[in-house]
Ligand SMILES: Cc1ncc(C[n+]2csc(CCOP(=O)(O)OP(=O)(O)O)c2C)c(N)n1
């Protein structure tokens, strides 16, 4: 397995094309190349957190500040951030545009990813978080822009699940 | 030293800074002095006050940002000290009111009750350069003034007694607070005054 260089680039360009210059993130294999780009781009602010729940607070601060911001994490990070999502973002009506590496699903060779992968969609549904799958590199920029737009209009968390199809070559 | 007294001392200086407080007693003590549009009360998600402060400070470098935290709350997000140290926003003051108690939820002992755990040492160990621990009002006032004058991230750990307000209640809905806080910050762009 190798992480897709081209699609990592396409996603990062999609984020920038949506007018977003700021992200908080916690690294994971599929996000590595993407985060490297964000780190190296002088026009982009990347905050790397120690735990994904911090990113929910940072995103709230960015929203108050009026700065477009995305969150990048794997699904286990999303699971680790739930209280912040519920008791900050949803409670106060704050948008979150989350790009989530959807590990532990079809084709997953690593056992440790599987439980998180299997429950991710049901947890998103239980929380009432709208989500969509990003599979096609030709669609992903539009999907990021739409996820962003919808998070802002609904004042709600939304999730774009970055699938194996997109992230691996 | 009582937290309400510390907040009262700071209150005249809180006309312009963006202030984020933890839930419960601290939020109520600030509100009781008179709500301002630049105050945000984080009435639940424990641990995230300093993360909200970091998000504000990084994206609003021209504003002073002040966070009121608690020992119980910050214990849920100790990684925040390392993230603060890593990004070192010069405009952020993180005040941790250590009352050794989970006061707002019934006054249970907290991890710091015994005095064994030292939050200032944790902040220093995480790499924050400007950390002080204070336990009397004069020292608190001096630490606050120094932090306001400093062009660097400051953490103040204030040892306070485990007492809070007698009654709780705000005439401010949570979402209303969020909308108005954001609108206030957007207004700063247009040169609108900081306080109503
Ligand atoms: C995740 C979570 N667990 C438990 C609670 C219940 N709770 C409400 S306030 C509080 C204590 C807060 O303690 P601290 O931050 O020290 O502030 P204090 O109330 O002492 O001023 C707790 C545990 C909660 N709000 N969230």
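Residue numbers (the working numbering), protein chains in the order written: chain A, 17 to 185; chain B, 1158 to 1353. Built from N, CA and C at the ideal position, the CB exists for glycine as well. All figures in this text were calculated on a predicted structure; none of them were measured in a lab.
query: Spatial neighbours of residue 1228/B in its chain, beta-carbon cut-off 8 Å, leaving aside the 5 residues before and after; result: 1253, 1254, 1255, 1256, 1257, 1258, 1267, 1268, 1269, 1276
query: Where the alpha helix (DSSP H) containing residue 1346/B begins and where it ends; result: 1331-1346
query: Unbroken beta strand (DSSP E) run spanning residue 1202/B, endpoints; result: Looking at the DSSP string, residue 1202/B is not in any beta strand (DSSP E), and its letter there is neither H nor E.
query: Given 8 Å, three or more beta-carbon pairs between the segment 1308-1318 of chain B and the segment 1173-1193 of chain B; result: no
query: Heavy atom of ligand 1 within 8 Å of residue 1319/B beta-carbon; result: yes
query: Nearest candidate by alpha-carbon position, reference residue 147/A, set 154/A, 155/A, 159/A, 100/A; result: 159/A
query: Proximity of residue 27/A and residue 50/A at Cβ, strictly below 9 Å; result: yes
query: Proximity test, residue 1228/B beta-carbon vs ligand 1 heavy atom, cut-off 8 Å; result: yes
query: Residue 145/A, enclosing alpha helix (DSSP H) - first and last residue; result: Per DSSP, residue 145/A belongs to no alpha helix (DSSP H) and is neither H nor E.
query: Proximity test, residue 1276/B beta-carbon vs ligand 1 heavy atom, cut-off 8 Å; result: no
query: Cross-chain neighbours of residue 167/A in chain B, by beta carbon under 7 Å; result: By Cβ distance, chain B contributes nothing, its closest Cβ being about 14 Å from residue 167/A, past 7 Å.
query: Residues of the segment 1190-1213 of chain B whose Cβ lies closer than 9 Å to any Cβ of chain C, in chain order; result: Here the protein chains are A and B, and chain C is not one of them.
query: Interface partners of residue 1343/B on chain A, CB under 7 Å; result: 82
query: Chain-order list of residues whose beta-carbon lies under 6 Å from that of residue 1217/B (same chain, five-residue window excluded); result: none
query: Residues bridged to residue 1316/B (per DSSP); result: 1255/B
query: Interface positions of the segment 1215-1234 of chain B facing chain A (Cβ-Cβ less than 8 Å), listed along the chain; result: 1215, 1216, 1217, 1234
query: Touch test, the segment 1316-1335 of chain B against the segment 82-97 of chain A, Cβ-Cβ under 8 Å, three pairs minimum; result: no
query: 9 Å Cβ cutoff, residue 1351/B in contact with chain A; result: Model confidence at residue 1351/B stands at a pLDDT of 44, short of 50, so the residue's coordinates are unreliable and nothing is read from them.
query: Proximity of residue 1207/B and residue 1231/B at Cβ, strictly below 9 Å; result: yes
query: Segments of 4+ residues assigned as alpha helix (DSSP H) that fall wholly inside the segment 63-136 of chain A; result: 68-81, 91-96
query: Proximity of residue 55/A and residue 1236/B at Cβ, strictly below 9 Å; result: no
query: Sequence-distant residues of its chain with Cβ nearer than 7 Å to residue 78/A (five each side left out); result: 38, 85
query: Min CB distance residue 1244/B to chain A below 9 Å; result: yes
query: Chain-order list of residues whose beta-carbon lies under 6 Å from that of residue 24/A (same chain, five-residue window excluded); result: 49, 50
query: Within 9 Å, strictly: CB atoms of residue 62/A and residue 114/A; result: no
query: Backbone CA spacing between residue 153/A and residue 1304/B [nearest angstrom]; result: 48 Å
query: Three-way DSSP call (helix, strand, coil) for residue 1244/B in this model; result: helix
query: Three-state secondary structure assigned by DSSP to residue 173/A; result: strand
query: Below-9 Å beta-carbon distance, residue 1328/B vs any chain A residue; result: no
query: Chain B within 9 Å of residue 56/A, Cβ atoms only; result: no
query: Proximity below 9 Å, CB of residue 1214/B to CB of residue 1249/B; result: yes
query: Beta-carbon gap between residue 1285/B and residue 73/A smaller than 9 Å; result: no
query: Distance CB(residue 66/A)-CB(residue 90/A) smaller than 9 Å; result: no
query: Contacts of residue 1237/B in chain A (Cβ-Cβ under 7 Å); result: 70
query: Whole-angstrom distance between residue 1272/B and residue 33/A, CA atom to CA atom; result: 52 Å
query: Proximal chain A residues relative to residue 1392/B, where beta-carbon distance stays under 9 Å; result: A question about residue 1392/B goes unanswered here, because the residues of chain B that appear run from 1158 up to 1353.
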